[in-house]
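As structure tokens, the structure follows; a few thoughts come after it.
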DNA sequence: GCCCGCCTTGCAAGCGTGTGCAAAACTCTC
DNA sequence: GAGAGTTTTGCACACGCTTGCAAGGCGGGC
């Protein structure tokens, strides 16, 4: 396959169609004025030659690349990957395209990757990274990008913040535990101290207190299956063993469930009620059958993308810059008396 | 945040540094000739002004965008998402950036998204989509992109094909089953009939035949957990119940395991030996503890990205255009006598 | 028939960058 | 100090596209 001269340019299309280059350009610009007959000739020539608008050049002129940058850590995690999927799908629907930046490595490579993204003049960035790297957000904003923050609560100007009703959800699960007759409550958290995780924790503790109940809170590691197992060790070896655990995340819940059953030989939900958060695929697998809260992934993606598509003036955008979505409780078998 | 005039151009940097614009350009072009003193002045000015090379313009000039397009279906799947993660990481390491194209929808939107990617003049595409859409590959190639196919065996010119030793792996798991004393073998497959899935099936059947054993083959649905459950129904309700099942995929295996235990009350590995393929996270969870083959995700990513980085001449590239990697058997508790 | 207004079209400038070419500056040797 | 050789630098063109502007074409109302 020869290297040089692979792509067709608008000029060649114009020559073949017998029109000017501008006509070709206008044909592929929605809303531009071009006569039906001219358009037909251009489209025909373009098709024959295999012409594709050069988005690099167009972005250069329009000062609008059509690229949206997804900045994400732990992207192989079930929840994150389903969010990425929904976002890319929605972006494609609106004619934009997703660029993926992995921020797992905490060394300079993150910064490097981000700078790389800025070089491409992305129109916007969507941050679904748990890391509280405020500097990342700053850099994006300073580059004139629009910014969407998912499950974070940085207080930035001109950004869209999407969050769930984590506190209220925590209250609802408490009610369920109480109704199931649980008395010794626990909350299993990672110690990442992400805003959303802490909201669930605080919401749960507060709701319990309102019922005159105390909560044992344990925090450990990242939000992983393995952390869940360790949290189970910490919680289930106590002299007064909890009979209900709300896990900040489904992954934690899965680890905790496995440890409870296989290491401590407990039955769920008879000996122990468990709830999680995210409604990842595995929560519905029959080994877990976990009662949990569903992340409205599609709604989040839709909200983010349509905000990006909006050509609102800054003032309006400002006032609409925060969205709270509802996390629906999904009843399964890990809490008594559904 | 004002809309106009956000990005700094090389010209402004040049003016501030008191040099020509070319000097700025050369400073940020590796290997270009520029005096140390000039470079210092330029870097200083660039830093002060917050200058970032406009990759759109650079791509336009160099005819090389630095973008690599990841074309993927079922991206929220554990295996796929871990591969995406590895690939984006590797790409970032070599200064390239990943663009994500979701091909789940089988309507025209796929084609649209792909066309979108072509418009960005991606240097290469990596296809990890199970779909046998040969037209996609053709379109990429015709646009002069380099192409990497993972776990597919289309016979295209000038592409890199990365596969595993699926057949051999299947042989190894058969040996394990035989050594465990299993006699009634089965293979659980999706009916996607992807090359790699079929290679595992054929390899298993052939190896069994070499041992004078027959294999019950059952195919159903996509490679999902739910399909695994259904395959369990089909296999375990037989009059002569299999005592060993090789599942084409870990997801299938998880579904099959859950059904075997919870619906058929079988013990694994006592009543039934099970093996999977992919070594997804969940395979190591104690509810599954699945013996399986690990996908060398990092190695695959490394192979793909370094092939893309290579400036080999076409002839050499041609001869190196197919790589077979080794899938290592990961021993866990779902086969007797590890 | 003429004038006015609208739709369409071509021209040309510009977006921010890379790079060949020739001039300029510098280094070194004799 | 002169000349040859090597860097370094600036100029200007090119990349493929959008778009303001003005000119051309066309039809309608008088």
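Residue numbers (this note's numbering), protein chains in the order written: chain U, 20 to 357; chain D, 20 to 357. Even for Gly, the Cβ is constructed at its ideal location relative to N, Cα and C. In this text, all values refer to a predicted model and were calculated from it rather than measured experimentally.
With DSSP as the reference, label residue i as helix, strand or coil.
i	result
residue 196(U)	helix
residue 80(U)	helix
residue 118(U)	strand
residue 346(D)	coil
residue 21(U)	Its pLDDT being 38, under 50, residue 21(U) is placed unreliably in this model, and the coordinates cannot settle the point.
residue 143(U)	strand
residue 39(D)	coil
residue 303(D)	helix
residue 283(U)	coil
residue 201(D)	coil
residue 51(U)	coil
residue 267(D)	coil
residue 214(D)	helix
residue 70(U)	coil
residue 27(U)	coil
residue 175(U)	coil
residue 225(D)	helix
residue 259(U)	coil
residue 231(D)	coil
residue 95(U)	coil
For residue i, which residues in chain D fall below 7 Å Cβ to Cβ?
i	result
residue 291(U)	Under the 7 Å cutoff, chain D gives no residues; its nearest Cβ is about 15 Å from residue 291(U).
residue 328(U)	By Cβ distance, chain D contributes nothing, its closest Cβ being about 15 Å from residue 328(U), past 7 Å.
residue 132(U)	111
Compute the Euclidean distance between the alpha carbons of residue i and residue j, then round it to the nearest angstrom.
i	j	result
residue 170(D)	residue 183(D)	7 Å
residue 294(U)	residue 47(U)	52 Å
residue 84(U)	residue 49(U)	16 Å
residue 77(D)	residue 38(U)	29 Å
residue 218(U)	residue 318(D)	39 Å
residue 250(U)	residue 305(U)	22 Å
residue 35(D)	residue 179(U)	35 Å
residue 276(D)	residue 265(U)	27 Å
residue 257(D)	residue 103(U)	41 Å
residue 226(U)	residue 252(U)	25 Å
residue 144(D)	residue 300(D)	27 Å
residue 308(D)	residue 147(U)	31 Å
residue 323(U)	residue 214(U)	19 Å
Determine the chain U residues that contact residue i at a beta-carbon separation under 7 Å, and present them in chain order.
i	result
residue 304(D)	244, 273 and 277
residue 100(D)	94, 95 and 100
Given a threshold of 16 other Cβ atoms within 10 Å of its Cβ, counted over all protein chains shown, does residue i qualify as buried or as exposed?
i	result
residue 140(U)	buried
residue 350(D)	exposed
residue 194(U)	exposed
residue 261(U)	buried
residue 210(D)	exposed
residue 127(U)	exposed
residue 81(D)	exposed
residue 41(U)	exposed
residue 51(D)	exposed
residue 233(U)	exposed
residue 22(D)	Low confidence applies here, because residue 22(D) scores a pLDDT of 42, under 50, leaving its location unreliable; read the following figure in that light. Residue 22(D) comes out exposed.
residue 248(D)	buried
residue 161(D)	exposed
residue 55(U)	exposed
residue 30(D)	exposed
Does the beta-carbon of residue i, which I'm using as the reference point, lie nearer than 7 Å to any heavy atom of the ligand FMN?
i	result
residue 210(U)	Summarising the ligand content, the structure contains no ligands, and the ligand FMN is consequently not present.
Listing by chain order, which chain U residues have their CB less than 9 Å from the CB of residue i?
i	result
residue 123(D)	104 and 108
residue 154(D)	Per Cβ cutoff of 9 Å: no residues; residue 154(D) is ~13 Å from chain U at best.
For residue i, return the contacting residues in chain D, with the cut-off set at a CB-CB distance below 8 Å.
i	result
residue 217(U)	Under the 8 Å cutoff, chain D gives no residues; its nearest Cβ is about 25 Å from residue 217(U).
residue 25(U)	162 and 163
residue 136(U)	116
residue 140(U)	26, 73, 74 and 75
residue 314(U)	Correct list: empty, because the minimum Cβ distance to chain D is about 12 Å.
residue 231(U)	Within chain D, no residue comes near residue 231(U); the closest Cβ sits about 36 Å away, beyond 8 Å.
residue 251(U)	What residue 251(U) touches in chain D: nothing, since even the nearest Cβ is about 11 Å away.
Pull the bridge partners of residue i from the DSSP assignment, please.
i	result
residue 180(D)	168(D) and 341(D)
residue 208(U)	238(U)
residue 6(D)	Chain D is shown from 20 up to 357; residue 6(D) falls before or after that span and cannot be answered.
residue 354(U)	Paired residue(s): none; residue 354(U) is not in a bridge.
residue 88(U)	118(U) and 144(U)
residue 132(D)	None, per the DSSP bridge assignment.
Could you tell me which chain U residues have their CB closer than 8 Å to the CB of residue i, listed as they occur along the chain?
i	result
residue 79(D)	73, 75, 76 and 79
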